[in-house]
Amino acid sequence: MRLTLTSDLWWKNAVIYCLDVETYKDGNDDGIGDFRGLTQQIDYLAGLGVTCLWLMPFFPTPNRDDGYDITDFYTIDPRLGTLGDFVEFMRTAKDRGMRVIADLVVNHTSDQHPWFVEARSSKTSPKRDWYVWADKPEPDNPDQVVFPDKEDSIWQYDGSTRQYYLHSFYRHQPDLNVGNPEVRDEIVRILGFWMELGLSGFRVDAVPFLIENVDPKLAEPHEFLADLRAFMTRREGSSVLLGEVNVPYKDLVAYFGEGLGDQLTMCFDFISMQRTWLALARGEAQPLAEALKSRPKPPKDCQWAMFLRNHDELTLDKLTDEEREEVFQAFGPEKDMQIYGRGLRRRLPTMFGGDMRRIKMAYSLMFSLPGTPVVFYGEEIGLGENLGAEGRMAVRIPMQWSKDGGFSQVEPVREVPDGPFAPDRVNVADQKRDTESLLRWFQLLIERYRECPELAWGEYTVLDTGHPAVFAHRADADGATVVAVHNLGETAQDVRLKLPGLSGRQLTDLLVDGTVKVSDKDVAEVPLGPHGCRWLRVSDPEVPPEDASVKAK
Ligand code: GLC
Ligand code: CA
Numbered sequence: 001m002r003l004t005l006t007s008d009l010w011w012k013n014a015v016i017y018c019l020d021v022e023t024y025k026d027g028n029d030d031g032i033g034d035f036r037g038l039t040q041q042i043d044y045l046a047g048l049g050v051t052c053l054w055l056m057p058f059f060p061t062p063n064r065d066d067g068y069d070i071t072d073f074y075t076i077d078p079r080l081g082t083l084g085d086f087v088e089f090m091r092t093a094k095d096r097g098m099r100v101i102a103d104l105v106v107n108h109t110s111d112q113h114p115w116f117v118e119a120r121s122s123k124t125s126p127k128r129d130w131y132v133w134a135d136k137p138e139p140d141n142p143d144q145v146v147f148p149d150k151e152d153s154i155w156q157y158d159g160s161t162r163q164y165y166l167h168s169f170y171r172h173q174p175d176l177n178v179g180n181p182e183v184r185d186e187i188v189r190i191l192g193f194w195m196e197l198g199l200s201g202f203r204v205d206a207v208p209f210l211i212e213n214v215d216p217k218l219a220e221p222h223e224f225l226a227d228l229r230a231f232m233t234r235r236e237g238s239s240v241l242l243g244e245v246n247v248p249y250k251d252l253v254a255y256f257g258e259g260l261g262d263q264l265t266m267c268f269d270f271i272s273m274q275r276t277w278l279a280l281a282r283g284e285a286q287p288l289a290e291a292l293k294s295r296p297k298p299p300k301d302c303q304w305a306m307f308l309r310n311h312d313e314l315t316l317d318k319l320t321d322e323e324r325e326e327v328f329q330a331f332g333p334e335k336d337m338q339i340y341g342r343g344l345r346r347r348l349p350t351m352f353g354g355d356m357r358r359i360k361m362a363y364s365l366m367f368s369l370p371g372t373p374v375v376f377y378g379e380e381i382g383l384g385e386n387l388g389a390e391g392r393m394a395v396r397i398p399m400q401w402s403k404d405g406g407f408s409q410v411e412p413v414r415e416v417p418d419g420p421f422a423p424d425r426v427n428v429a430d431q432k433r434d435t436e437s438l439l440r441w442f443q444l445l446i447e448r449y450r451e452c453p454e455l456a457w458g459e460y461t462v463l464d465t466g467h468p469a470v471f472a473h474r475a476d477a478d479g480a481t482v483v484a485v486h487n488l489g490e491t492a493q494d495v496r497l498k499l500p501g502l503s504g505r506q507l508t509d510l511l512v513d514g515t516v517k518v519s520d521k522d523v524a525e526v527p528l529g530p531h532g533c534r535w536l537r538v539s540d541p542e543v544p545p546e547d548a549s550v551k552a553k
């Protein structure tokens with residue numbers, strides 16, 4: 001593949017790693033992770049092959065939504081360090097060739113943010129219009145309530161000024177009024193501030209909620225996203241916006257800036273993520289195959305971000321009730337594993353009962369799918385969860401570095417799991433020494449993913465495998481081709497793949513030793529073990545030495 005200029009579009013085949021500074025590594029022995037601790041682990045991340053870190057919110061916060069409730073956008077939560085520590089961390093990441101993006105949470109602030117304190121002090125406060133107020137709000141539509149365990153409305157009455165304020169999330173997170181030009185200017189200032197400190201972009205939190213507050217009579221809501229992107233591009237051409245946009249594909253294209261690609265650079269692919277879980281639950285490729293076939297092509301230079309788990313609940317909101325129930329039954333049958341009636345608060349390995357073959361296959365599938373993979377910290381070692389923690393906090397446990405935990409010299413503020421996923425069973429140090437470990441598997445997948453840019457960049461085609469359990473696709477770019485085949489089922493299968501245009505060529509396995517010939521009828525017979533996975537690079541068959549000498553004559 002011609003790679004001229006492709007490194008400019010670094011996000012197209014980046015390996016993004018999401019972490020929370022608070023749970024990664026404690027550098028000053030107070031039981032809370034911090035920037036000094038994280039900086040010590042940069043070489044680990046570089047060794048894994050990560051090219052971009054996504055930091056979850058690290059700003060001052062009363063921590064009622066794990067930092068997604070901010071009281072100051074312009075500095076660091078003192079528990080995590082100082083701006084000085086942050087700059088040292090940025091320098092180290094840059095030195096190891098890693099970019100850094102951070103959560104941009106500007107749909108709302110904490111109710112303790114000085115802006116809101118001022119806004120609610122009187123109806124005539126200069127900050128009043130920075131938030132969204134109503135004398136008598138429209139009746140609630142229950143679908144609008146994101147956290148139905150804690151809230152039953154998106155409006156909260158403010159007794160002292162006798163108006164309601166809007167909160168799309170918890171009541172302590174009042175929505176900013178991005179219809180107000182002053183608020184929009186301030187958001188741009190926040191972007192500019194962190195870009196000056198070296199960030200390559202942002203993971204934009206809750207995008208549909210963010211722009212829905214723009215009054216269409218005043219401005220076109222999507223124009224706001226285009227303005228943000230234009231500002232960033234003016235300042236730094238290679239900066240990106242990666243959006244959290246969990247909406248159906250048909251509505252999603254607007255967030256890239258339909259046709260133009262001038263809004264979000266990347267969007268998480270929530271649809272194929274959910275369909276992958278349904279496919280895994282059934283041991284059938286079809287739900288995923290259908291999703292990828294119906295997925296719109298992002299505008300030029302834009303990209304999909306692929307993931308299986310993130311820091312929130314595994315949301316299954318875009319499945320039908322029956323489909324969701326199937327996934328619940330397969331991966332989280334107990335009520336305590338479920339949340340908000342739409343998701344699961346577990347990590348992947350526990351959902352697979354620790355079955356390493358299945359876990360490895362699932363991640364192989366994720367890395368092979370067309371888009372940019374996003375890993376949630378700890379996935380590379382098969383970190384479990386702590387169901388004893390509240391709600392979504394179950395999956396946000398301390399990273400496990402060694403048998404004794406290794407996260408902190410003192411007792412961590414957050415509990416680690418016990419049993420088969422406890423630190424003495426699941427940790428980085430042991431897996432580094434074990435060539436069969438999940439950590440080594442991740443390293444291999446990442447290395448191969450980076451060597452096969454066609455997976456991320458190419459035109460992809462979902463292939464007919466003749467076996468319901470087997471998902472296969474090919475990716476073509478600039479005359480180079482990779483074929484990936486995944487057996488979601490637990491019985492071995494031999495699949496016949498029709499590969500137009502590849503007759504007489506050879507498929508070389510990139511994950512394990514082995515080759516497969518493509519017949520002169522464009523057919524390849526690919527054997528797969530239970531939960532087997534193969535990444536096959538198309539090449540010309542090696543010519544045996546005698547033939548070579550004949551040819552030379
Ligand atoms: C996003 C975040 C989630 C947070 C919410 C409110 O959905 O991923 O963790 O609670 O926004 O900021
Ligand atoms: Ca600390």
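If you use our numbering, the sequence shown corresponds to residues 1 to 553, in order.
Beta carbons: idealized from backbone N, C-alpha and C, even for Gly.
From a predicted model like this one, the values you see are computed outputs, not experimental measurements.
Residue i - DSSP class collapsed to helix/strand/coil
i, result
"K553", "Its pLDDT being 44, under 50, K553 is placed unreliably in this model, and the value from its coordinates should be taken loosely. Here K553 sits in coil by DSSP."
"I271", "helix"
"M1", "The pLDDT assigned to M1 is 49, lower than 50, so where the model puts this residue is not dependable; a value taken from the coordinates is nonetheless given after this. Note: M1 maps to coil in three-state DSSP."
"D8", "helix"
"G47", "helix"
"S294", "helix"
"D476", "strand"
"P221", "helix"
"P420", "helix"
"E490", "coil"
"I557", "The chain is shown from 1 up to 553; residue 557 falls before or after that span and cannot be answered."
"G201", "strand"
"V240", "strand"
Of the listed residues the options, nearest to residue i (C-alpha basis)
i, options, result
"A484", "T508, V105 and P468", "T508"
"Y165", "S110, A206, G198 and V207", "S110"
"A93", "L45, S368, I76 and A330", "L45"
"Q144", "P453, S239, D317 and Q286", "D317"
"P216", "G179, R295 and V204", "G179"
"Y460", "F442, T481, E451 and Q443", "T481"
"G371", "H108, P417, W457 and F147", "W457"
"R496", "D321, G489, Q506 and L463", "L463"
"V214", "D129, P148, E244 and M393", "D129"
"D227", "H467, E196 and G261", "G261"
"M90", "S121, H108, I42 and S238", "I42"
"G378", "K12, D8 and T23", "T23"
"A492", "P530, V105 and L455", "P530"
"F231", "E196, G31 and P208", "E196"
"T51", "D20, R396, P373 and V518", "P373"
"L510", "K150, A477 and W535", "W535"
"R162", "K517, G419, T124 and R184", "T124"
"R225", "M266, Y249 and P248", "What sits at residue 225 in the sequence shown is Leu, not Arg. Residue M266 is the option with its Cα nearest to L225."
"E236", "K127, G343, S121 and S200", "S200"
Exposed unless 16 or more other CB atoms sit within 10 angstroms - verdict on residue i
i, result
"Y157", "exposed"
"N246", "buried"
"G27", "buried"
"F193", "exposed"
"R189", "exposed"
"V543", "exposed"
"Q612", "Since the first residue of the chain shown is 1 and the last is 553, residue 612 is not available in this structure."
"R347", "buried"
"P417", "buried"
"L176", "buried"
"A552", "Since pLDDT at A552 reaches only 48, below the 50 mark, its modelled position is unreliable, and the value read off the structure follows with that caveat. Looking at its Cβ environment, which holds fewer than 16 other Cβ atoms inside 10 Å, A552 is exposed."
"S168", "buried"
"G479", "exposed"
Short Cβ contact (8 Å threshold) for residue i with residue j
i, j, result
"V327", "G384", "no"
"F35", "F86", "yes"
"P423", "Q400", "yes"
"D140", "S153", "yes"
"P468", "A285", "yes"
"A394", "R345", "yes"
"T61", "I70", "yes"
"D251", "A305", "no"
"C533", "S402", "no"
Residue i at chain C interface by Cβ criterion, 8 Å
i, result
"F376", "Looking for chain C here will not work: only one protein chain is present."
Ranges of the alpha helix (DSSP H) found wholly within the segment 505 to 553, counting only runs of at least 4: 545 to 552
Every unbroken beta strand (DSSP E) inside the segment 127 to 196 [3 residues or more]: 155 to 158 and 163 to 166
Please give me, in chain order, every unbroken run of the alpha helix (DSSP H) with length at least 4 that falls completely inside the segment 69 to 126. Fully enclosed alpha helix (DSSP H) runs of 4 or longer: 83 to 95 and 114 to 119.
Which runs of the beta strand (DSSP E) spanning at least 3 residues fall entirely within the segment 388 to 463, listed in chain order? 459 to 463
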